[in-house]
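Take a look at the structure below.
Protein chains in written order, with this note's numbering: chain A, 26 to 384; chain B, 26 to 384.
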């Protein structure tokens, strides 16, 4: 087992400046690959359901308002380590050159947040209270993992539906802490910093101001959050969600902000379910890198509280991404975002909870 | 029809600095989306088969060694405009700001290269002569489209298999000329230029030298070409193919180079078919941007003949890309490239033609 663990590593591509996790222990044989759309057999017991707690690795944290033992039932939200982690918490962080390439040891964290005891309901179908617990627990994990000096970034994301990459149907989020900054985040930071250096304004605040003024791409807006179809959407019904006020990291969100986030996410995911025929989706929380530890290049991060603005990208999987898009970073989107937004605005988000929805 | 045409446009994302084609006429209604894996009904006549030439737009170019009329049978390779083009050749190239966003008119070319009259065979199953015709015709289209001053870049790619985005089963390549440079290419150019400025050596030549020396990631090598699993492969069995000598653009390839390209591509795609159970794949030819027209920023392109090196990325679709990878540019690959290369080296590429294969 230990020599398998030691094989997980991060590698850097010198052409695209992109990090890849080579996680050799997840699936090594050519016939062992996940085929598109493959999910666990329905007949197997669900490791995320109450009563099956012993099927998962021990819990990292769980909410038990009514009390109860760890790793037993009675929880409302439960976080466990991923059974097949891409990165492992144990081990020393090493960085070395391999000829002209770069390698970092596969140190990190890979956790699963089980959204509720309910096997069949996710964010838009759960109560506003339950969703607020989901997001406040994500925030807690973020703050906790950022205390670890080895971790540069914490990825928070959700895959919904087998064809969107969810291998277990019980609704869950994933948390991955990495010792490197993902390329897309690095790109965003650069754009935001250049904008701030030139204008002393946040790039994202400027975009939100322009979208609010125009309004044609807005899908939902509350007192605290805005959701719109981005001007240069890569795929149909892609959505961008952000606080309307400047906030660089989800770590800064107040309990009222968290409740506002739960409210707009319920609204948006309800519209996707009702309007797009329950299409699978992914969302990724784009957060500032770890600013809690001593940064290695202080000047680089000096303005991050001013120039970065956390947000969420929701991508419904309505179209297959063809290979040339993967190879070029160049996308063809058949649905103008103005039409996507108009369509989703007209959808009743429904859901099982009767909380107020945004304008 | 004309007001639909006018709606196609390129939009620039100010956060990711990424271009997107908003091609509103390809599929506008929420219920009109391509679902993953959807392909044309098998019962419908194939528009790419001989005798059905009237089902495609008029041909751009076709090889008819035995003579014959345009848009009739008797061709060996045929290039036609895409019936549902993402960009259109007619119209003026305009660039304008939309508030803080950027827009370029949807001018470009979108062509389909039909590989042979044979409905059921692609590169690895066709003769070396036929494959050489495919690649020399792609080269011709590249040279011809680069004569158009409006086009900054010409994308050459192939989707093989419905789940890799091929909507028609008759084997074909696609050609898209765009008035902008794709983000991934721009990234590569930047990396290559920085490397060259520091070392006066080509980044890609250096990588090829290191891979040749190590050898553990090489899948196939001929006198002219090398194919290896990249050190930081994003997905299992990803392959990188390049000329072993420095050449910045496919436009520079000699007839012998083209024949060598056909030879190694037949070998590699044969190994993927035989070793990976006919898994769908995509490949993209990464070529230098258009250097034939007067560049707008001459200093930027001054060294491109020295620092860029054309190559091909082949991506078998063995795993589903989950959403977080799309959202972060950060990949988890369960198969170390050294193991992928070892496995593919052991595969007999087979194929219907008896040409020599690489070492």
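Positions of the beta carbon are idealized from the N, C-alpha and C atoms, including for glycine.
Please read these numbers as outputs of a predicted model, since none were measured by experiment.
{"Query": "Span separating the alpha-carbon of residue 365/A from that of residue 356/A", "Result": "16 Å"}
{"Query": "Inter-residue CB distance, residue 403/B and residue 134/B (contact presumed, cutoff 8 Å)", "Result": "Absent from the structure is residue 403/B, since the part of chain B shown begins at 26 and ends at 384."}
{"Query": "Euclidean distance between Cα positions of residue 53/A and residue 122/B", "Result": "Note that residue 53/A scores a pLDDT of 42, beneath 50, so its modelled location is shaky; the value from the coordinates is reported in the next line. The straight-line gap from Cα to Cα measures roughly 49 Å."}
{"Query": "Expected contact under 8 Å - CB spacing of residue 244/B and residue 264/B to nearest Å", "Result": "6 Å"}
{"Query": "DSSP-derived helix/strand/coil call for residue 86/A", "Result": "strand"}
{"Query": "Alpha-carbon spacing of residue 104/A relative to residue 369/B, whole angstroms", "Result": "40 Å"}
{"Query": "Integer-rounded CB distance, given that residue 151/B should sit under 8 Å from residue 161/B", "Result": "With 8 Å as the limit, residue 161/B and residue 151/B do not qualify as a contact, their Cβ atoms being about 14 Å apart."}
{"Query": "Rounded distance between the beta-carbons of residue 124/A and residue 235/B, thought under 8 Å", "Result": "5 Å"}
{"Query": "Length of the line joining the Cα atoms of residue 65/B and residue 181/A", "Result": "Annotation note: pLDDT 46 at residue 65/B (below 50); position unreliable, coordinate value reported separately. Cα to Cα, residue 65/B sits roughly 38 Å from residue 181/A."}
{"Query": "Residue 119/B, buried or exposed, once every other Cβ within 10 Å from all chains shown has been counted against 16", "Result": "exposed"}
{"Query": "Beta-carbon proximity of residue 332/B to residue 221/B, cut-off 9 Å", "Result": "yes"}
{"Query": "Three-way DSSP call (helix, strand, coil) for residue 350/B in this model", "Result": "helix"}
{"Query": "8 Å Cβ cut-off: residues of chain A touching residue 228/B", "Result": "39, 40"}
{"Query": "Any C-beta of chain B under 9 Å from that of residue 217/A", "Result": "yes"}
{"Query": "Backbone secondary structure at residue 271/A - three-state DSSP", "Result": "coil"}
{"Query": "Bounding residues of the beta strand (DSSP E) (the contiguous stretch that carries residue 240/A)", "Result": "Run containing residue 240/A: none; DSSP gives neither H nor E here."}
{"Query": "Alpha helix (DSSP H) runs contained entirely in the stretch 148-212 of chain B, provided each spans 4 or more residues", "Result": "153-170"}
{"Query": "Reference residue 89/A, options 301/A, 338/A, 102/A, 350/A, closest by Cα", "Result": "102/A"}
{"Query": "At least 3 beta-carbon pairs within less than 8 Å: the stretch 307-314 of chain A vs the stretch 262-278 of chain A", "Result": "yes"}
{"Query": "Proximity of residue 196/A and residue 139/A at Cβ, strictly below 9 Å", "Result": "yes"}
{"Query": "CB contact check: residue 251/B to chain A, cutoff 9 Å", "Result": "no"}
{"Query": "Status (buried if at least 16 other CB within 10 Å, exposed otherwise) for residue 69/A", "Result": "exposed"}
{"Query": "Neighbourhood of residue 164/A by C-beta distance below 7 Å, restricted to the same chain and skipping five residues each side", "Result": "275, 276, 278, 283"}
{"Query": "Residue 283/B: first and last residue of the uninterrupted alpha helix (DSSP H) it sits in", "Result": "280-300"}
{"Query": "Chain A contact residues for residue 124/B, given Cβ-Cβ distances below 7 Å", "Result": "235"}
{"Query": "Buried/exposed call for residue 306/A, threshold 16 Cβ in 10 Å", "Result": "buried"}
{"Query": "Residues that DSSP places opposite residue 122/A in a beta bridge", "Result": "127/A"}
{"Query": "Cβ-Cβ separation, residue 261/B to residue 360/B (assumed contact under 8 Å), whole Å", "Result": "4 Å"}
{"Query": "Heavy atom of the ligand FMN within 8 Å of residue 131/A beta-carbon", "Result": "Although the ligand FMN was asked about, the structure shown includes no ligands whatsoever."}
{"Query": "Residue 108/A, buried or exposed, once every other Cβ within 10 Å from all chains shown has been counted against 16", "Result": "exposed"}
{"Query": "Residues that DSSP places opposite residue 311/B in a beta bridge", "Result": "336/B"}
{"Query": "Residue from 184/B, 231/B, 143/B whose Cα sits closest to the Cα of residue 350/A", "Result": "184/B"}
{"Query": "Enclosing beta strand (DSSP E) for residue 103/B [first to last residue]", "Result": "102-106"}
{"Query": "Three-state class that DSSP yields for residue 225/B in the structure shown", "Result": "coil"}
{"Query": "Beta carbon proximity, residue 357/A to chain B, threshold 9 Å", "Result": "yes"}
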